[in-house]
Amino acid sequence: MPVISIEDLVKTFGGVRALDGLHLRVEAGEVHGFLGPNGSGKSTTLRVLLGLLRRDAGDVRVFDADPWRDAVALHRRLAYVPGDVSLWPNLSGGEAIDLFGELRGGLDRRRRDDLLQRFDLDPTRRCRTYSKGNRQKVAIVAAFASDVELYVLDEPTSGLDPLMEAVFQDEVRQLTRDGATVLLSSHVLAEVEALCDRVSIIREGRTVESGTLTELRHLTRTAITVETARPATGLADLPGVHAVREVDGRTHLEVEPAHLDALLGRLVGFGVRALTSAPPTLEELFLRHYGDARPAVATNGHRPGADRPAGAR
């Protein structure tokens, strides 16, 4: 039984069809990356999962329960970290963390204190004095100190510096080692690539690809750089070979996975001296679907603009 199961999800806002038959399946114990550009429907999907929005059509199950009807019970089994955290200005960070914990039925005090130290967060300061990054830390600590089964993370590292992002990744790995499930929506593709067991890519409210990174890499080309004893000619005429070019005595090209073996057989005839291959990155997989839309995608930890078209994020 999957932790999250979505089939044919539809959600509209007036004349805007934010979700148009979306599918998503998240298995127990995995970190599942949820990817898409601004306006693709990621946050609308998460709000339906959290019981904050009611679906128009389709089937949505979280722990085999309906998140709209059973929201109160489900929120004791999950923790949520948004990408833009708002806090009570007159409470201290520690008081805010404890309040979030009580709303879920309590938190682990020892784990809370360890997380405060790891994320270098002063819990005695008033929330109104916190930077964006520190507000994110409050939400992360409150979530990760809770004894829950599912973590829904929507751009959780927005505003964190690279050191804190590394701490965040360590803590997510610990959560899954302890048996928890994580749904991670992020624009930071390096983060998703480092953490996720499977990913789903959505576009215009529909799922366009879903699977492990290994499975998805079969959908695009491998980059090859080769140095040969004799000029490697005729490669551009081979099936599945693209973008052949010579640079500084080396041949650079791209090859579809199904034709890699034939290419290597041809290269051997030219006397291979050195060869390197690079599988497609998650960024390349993502841009395969969104290159025409030129989405704002961060690979270095910087978050692009908020994913909030009016009424239909």
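Basically this note's numbering = 1-based index in the sequence shown + 1177. Ideal placement from N, C-alpha and C gives every residue a C-beta, glycine not left out.
(request) Just list the alpha helix (DSSP H) runs in the region 1347 to 1402, keeping only unbroken ones of 4 residues or longer that don't cross its boundaries, in chain order. (result) You should have 1366 to 1372 and 1390 to 1394.
(message) Tell me the rounded alpha-carbon separation between residue 1365 and residue 1375.
(response) For residue 1365 and residue 1375, the gap between their C-alpha atoms comes out near 15 angstroms.
(message) Going by beta-carbon coordinates alone, are residue 1242 and residue 1328 separated by less than 8 angstroms?
(response) When the beta-carbon positions are compared, residue 1242 and residue 1328 stay at least 8 angstroms from each other.
(request) Consult DSSP for residue 1233 and reduce its assignment to one of helix, strand or coil. (result) Secondary structure at residue 1233: coil, using DSSP grouped into helix, strand and coil.
(request) Please name the residue in 1353, 1337 and 1333 whose C-alpha comes closest to that of residue 1361. (result) Closest option to residue 1361, Cα to Cα, is 1333.
(request) Can you say whether residue 1208 is buried or exposed, counting buried as having 16 or more other CB atoms within 10 angstroms of its CB? (result) Buried is the call here.
(request) Tell me whether residue 1252 sits in a helix, a strand or coil according to DSSP, three-state version. (result) Three-state result, residue 1252: coil.
(message) Among 1228, 1348, 1326 and 1316, whose alpha-carbon lies nearest the alpha-carbon of residue 1335?
(response) When C-alpha distances from residue 1335 are compared across 1228, 1348, 1326 and 1316, the shortest belongs to 1316.
(request) Quick one: grab the DSSP three-state call for residue 1307. (result) When secondary structure is reduced to three states using DSSP, residue 1307 falls in the coil class, being assigned neither helix nor strand.
(message) Residues in the same chain with beta-carbon distance under 8 angstroms from residue 1312, minus the five sequence neighbours each way, listed in chain order, please.
(response) Apart from sequence neighbours up to five positions away, the residues of its chain that approach residue 1312 with a beta-carbon distance below 8 angstroms are 1262, 1263, 1264, 1304 and 1336, ordered along the chain.
(message) Considering Cα atoms alone, identify which of 1452, 1411 and 1216 is closest to residue 1403.
(response) Closest in alpha carbon position to residue 1403, among 1452, 1411 and 1216, is 1452.
(message) Which residue wins for smallest C-alpha separation from residue 1191, given the options 1233, 1203 and 1339?
(response) Of the listed residues, the one whose Cα sits closest to residue 1191 is 1233.
(message) Going by DSSP in three states, residue 1197 sits in which element: helix, strand or coil?
(response) In this structure, residue 1197 counts as strand in the three-state DSSP scheme.
(message) Rounded to the nearest angstrom, what separates residue 1462 and residue 1216 at their Cα positions?
(response) Their Cα atoms are separated by approximately 19 angstroms.
(request) Determine the burial state of residue 1231: buried for a count of at least 16 other Cβ atoms within 10 Å of its Cβ, exposed for fewer. (result) Residue environment analysis places residue 1231 among the exposed positions, since fewer than 16 neighbouring C-beta atoms fall within 10 angstroms of its C-beta.
(message) Check for me: the beta strand (DSSP E) holding residue 1522 runs from which residue to which?
(response) Any property of residue 1522 remains undetermined from this structure, which presents the chain solely from 1178 to 1490.
(message) Can you confirm whether the region 1419 to 1434 touches the region 1186 to 1200 when touching is taken to mean that 3 or more C-beta pairs between the two stretches lie within less than 8 angstroms?
(response) Cβ pair count under 8 angstroms is below three, so no.
(message) Could you compute how far the alpha carbon of residue 1369 sits from the alpha carbon of residue 1377?
(response) Looking at the two C-alpha atoms, the distance is approximately 11 angstroms.
(request) Check the C-beta distance from residue 1180 over to residue 1204 and give it rounded, since I have them as a contact under 8 angstroms. (result) 7 angstroms between Cβ atoms; contact.
(request) Mind checking who residue 1283 pairs with in its DSSP beta bridge? (result) DSSP links residue 1283 through a beta bridge to no other residue.
(request) With a threshold of 16 other CB atoms inside 10 Å of the CB of residue 1136, please say whether the residue is buried or exposed. (result) Because the chain spans 1178 through 1490 in this model, residue 1136 falls outside it and cannot be assessed.
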